[in-house]
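*Asks:* Please read through the structure below; I'll follow up with questions.
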Amino acid sequence: MDATTFIVGLLSGAAAGALLTGVFDLFNRGWQRTAEKRDLRVGLAAEIRVGLQNVDPEERIHRTPEQNLHFIAGNCFPWEFFKANQVRIGLLPEEAASDVVEYHSLLWQFYEKAKVLNRWTEPDDTGERDALIAEIRAIMGRIRIVGGRALKALS
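Its first residue numbered 0, the sequence shown is counted upward by one per residue in numbering that gives the first Met the number 0.
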């Protein structure tokens with residue numbers, strides 16, 4: 000065997016090995032990205048599904064005693080998975096990402112309004128208090144609608 004054949008064979012083998020490694024790495028990254036997107040969708044859907052139990056059926060929104068609204072806002076609408084994965088929301092399709100972000104924005108509004116209601120100390124302003132409770136219940140209704148849309152977009 001001459002030196003040229005040996006060098007060409009060696010370089011060809013190295014090039015083929017590098018190409019195979021690159022193709023395998025590309026396939027592996029694509030598979031990991033697909034798994035990451037699936038895990039993100041499943042986690043967000045599970046979190047939303049748990050939260051929607053507080054507003055489904057719709058009559059539950061109106062039956063919830065006002066003293067329980069702050070408890071529900073702080074303890075029964077989970078958003079930890081969303082907070083931990085906010086940087087990955089862009090992996091979702093645009094419609095799903097929009098609905099998920101809107102859903103969690105509504106949760107934050109609900110939580111903030113419930114905190115105001117919880118600190119309410121003025122017994123004479125029952126009209127304003129009733130208006131705040133009505134606003135909180137309207138937000139709960141919106142959570143129900145947007146959460147349902149988000150679940151559909153995530154599936």
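Quick reminder that beta carbons are idealized off the backbone N, C-alpha and C, glycines included.
#1: Taking all protein chains shown into account, decide if Ala149 is buried (16 or more other Cβ within 10 angstroms of its Cβ) or exposed.
#2: Mark Val160 as exposed unless 16 or more other C-beta atoms lie within 10 angstroms of its C-beta, in which case mark it buried.
#3: How long is the line joining the alpha carbons of Ala130 and Ala96, rounded to whole angstroms?
#4: Near Leu51, which residues of its chain fall below 8 angstroms by C-beta distance, leaving aside the five closest residues on each side in sequence?
#5: Cα separation between Ala137 and Phe80?
#6: Return the first residue and the last residue of the alpha helix (DSSP H) that Trp119 is part of.
#7: Among Arg128, Met139, Leu91, Glu121, whose alpha-carbon lies nearest the alpha-carbon of Thr33?
#8: If distances are taken between C-alpha atoms only, which option among Ile135, Pro56, Lys82, Ile47 comes closest to Gln108?
#9: To the nearest angstrom, how far is it from the Cα of Ile132 to the Cα of Asp38?
#10: When you compare only the Cα positions, how much space is there between Thr63 and Pro56?
*Replies:* Answer, in terms of the structure:
#1: The residue labelled residue 149 in the question sits at position 150 within the sequence shown. It counts as buried.
#2: Outside the displayed range of the chain (0 to 154) lies residue 160, so it cannot be described from this structure.
#3: Here residue 130 refers to the residue found at position 131 when the sequence shown is read from its first residue. Here residue 96 refers to the residue found at position 97 when the sequence shown is read from its first residue. For Ala130 and Ala96, the distance between alpha carbons rounds to 31 angstroms.
#4: Here residue 51 is taken as the residue at index 52 of the sequence shown, counted from 1. Closer than 8 angstroms at Cβ, skipping near neighbours: Ile142, Arg143, Gly146, Gly147, Leu150.
#5: Counting from 1 along the sequence shown, the entry for residue 137 is found at position 138. Counting from 1 along the sequence shown, the entry for residue 80 is found at position 81. Approximately 25 angstroms between the Cα atoms of the pair.
#6: As a working note, residue 119 is residue 120 in the sequence shown. Run containing Trp119: none; DSSP gives neither H nor E here.
#7: Translated into positions along the sequence shown, residue 33 becomes position 34. Comparing Cα-Cα distances from Thr33 to each of Arg128, Met139, Leu91, Glu121, the minimum goes to Leu91.
#8: What you label residue 108 is simply residue 109 of the sequence shown in a count that begins at 1. When only C-alpha atoms are compared, the closest one is Ile135.
#9: As a position in the sequence shown, residue 132 is number 133, starting the count at 1. As a position in the sequence shown, residue 38 is number 39, starting the count at 1. Near 36 angstroms, if we compare the C-alpha coordinates of Asp38 and Ile132.
#10: Sequence index remark: in the sequence shown, residue 63 carries index 64 (1-based). Sequence index remark: in the sequence shown, residue 56 carries index 57 (1-based). Across the structure, Thr63 and Pro56 are spaced so that their CA atoms are roughly 12 angstroms apart.
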